[in-house]
Every structure is written in structure tokens, then in C-alpha cells.
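Q: According to my numbering, the stretch in the sequence shown is residues 1003 to 1143, in order.
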Amino acid sequence: MLKPGVVNRRLVGEVISRLEKKGLKIVGMKMMHVSKELASAHYAEHQGKPFYDGLVSYITSGPVVALVLQADDCVTLVRKLCGATKPAEAAPGTIRGDYCTHTERNIIHASDSDESAAREISLWFKDEEIFDWNDCEDGWY
């Protein structure tokens, strides 16, 4: 998910371009405002933690771009492209390393496991909003 900071800073195209250039296939994408209910469900594992309210406040502060990506070992690839969650630890060349300076204003969310990805996709997308398509580039990346 590209968070409000990406949209506000007009970096959506740049970030999506990086994901696509790696060879990730976009099978779902939509721009939307996040309701408090969806934010609460998305961040359910963080409820009760000191930073929870800030997460919900930020994610509901403006539009986001939700994505479903496909690739072999997709979760690992996306997390490497994103870089460390803490911007000071994110390597230059990663999305967070190049565009993020504050952890609480992190610009991108990446699922941390295949199980989390499946849960999050079901929160953000209906089955009919995901398009599995034949990629003529399969095998080149």
C-alpha cells in the first residue's frame, strides 16, 4: 500500500515504476480513502500499542493506493525493495531509504509474510478486483 505521503508528494508513479521494473506484476490496484474500520482491521495486531493511534490517524489522513502484486517470493522481494521500516536504517536505493524520513510517516506498507498478505488482500480487495493475467515477460525477470 502506498500511504498518504506518497500520494501527497506525487511519488505514486515513481514507486509503482520501481516495483514494476523489478518484475513484479500488478494484479490489483485502487486509490481509496481508508475508513477507521478498515484501518483498525489492518492494524489489528498493533491495537493497544503506544503508536497505534498514530498509525490509524496517518492512514486515514488522505488517499492511499492499495496494490496486489505477484512474483516468485513476492513478499521477500517487496520488503527488500521497500527497505527497513525505520528510515534511518533503510539503505539508499530502497523506497524508504530514498523517500522516507519519519517512521510514523512511513510511505509504504509491505506485508511481512504470505499469511499476512492473504489476510490484508482480503481486507482491501474483493475477489473480482484482482486480475490474474498472462504476462508475456514471464521468465525474463
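Ideal placement from N, C-alpha and C gives every residue a C-beta, glycine not left out.
Whether or not the segment 1057-1068 and the segment 1007-1019 are in contact is what I'm after, with contact meaning three or more pairs of Cβ atoms, one per stretch, closer than 8 Å; do they touch?
A: A contact exists between the segment 1007-1019 and the segment 1057-1068.
Q: Which residues does DSSP list as the beta-bridge partners of G1030?
A: In the DSSP output, where bridge partners are listed per residue, G1030 has V1070.
Q: Which runs of the beta strand (DSSP E) spanning at least 3 residues fall entirely within the segment 1054-1105, listed in chain order?
A: With a minimum length of 3 residues, the continuous beta strand (DSSP E) runs that stay inside the segment 1054-1105 are 1066-1072.
Q: If you draw a straight line from the C-alpha of A1086 to the C-alpha of W1135, how long is it?
A: Taking the straight line from one Cα to the other gives about 31 Å.
Q: Which term fits K1027, buried or exposed, when burial requires 16 or more other beta carbons within 10 angstroms of its beta carbon?
A: It counts as buried.
Q: Evaluate E1122 with the Cβ neighbour count: other Cβ atoms within 10 Å of its Cβ, from every protein chain shown; 16 or more gives buried, anything less gives exposed.
A: Looking at its Cβ environment, which holds 16 or more other Cβ atoms inside 10 Å, E1122 is buried.
Q: Over what stretch of residues does the alpha helix (DSSP H) that includes N1010 continue unbroken?
A: Looking at the DSSP string, the run of the alpha helix (DSSP H) that includes N1010 is P1006 to N1010.
Q: In whole angstroms, what separates the C-alpha of G1025 from that of K1051?
A: Their backbone Cα atoms lie some 36 Å apart in a straight line.
Q: Go ahead and pull the three-state DSSP assignment for I1132.
A: Coil, per DSSP.
Q: With DSSP as the reference, please indicate the residues paired to I1018 in a beta bridge.
A: BP columns for I1018 are empty, so no partner.
Q: If you compare alpha carbons, which of D1075, V1077, V1080 and A1043 is closest to T1062?
A: Answer by Cα proximity: A1043.
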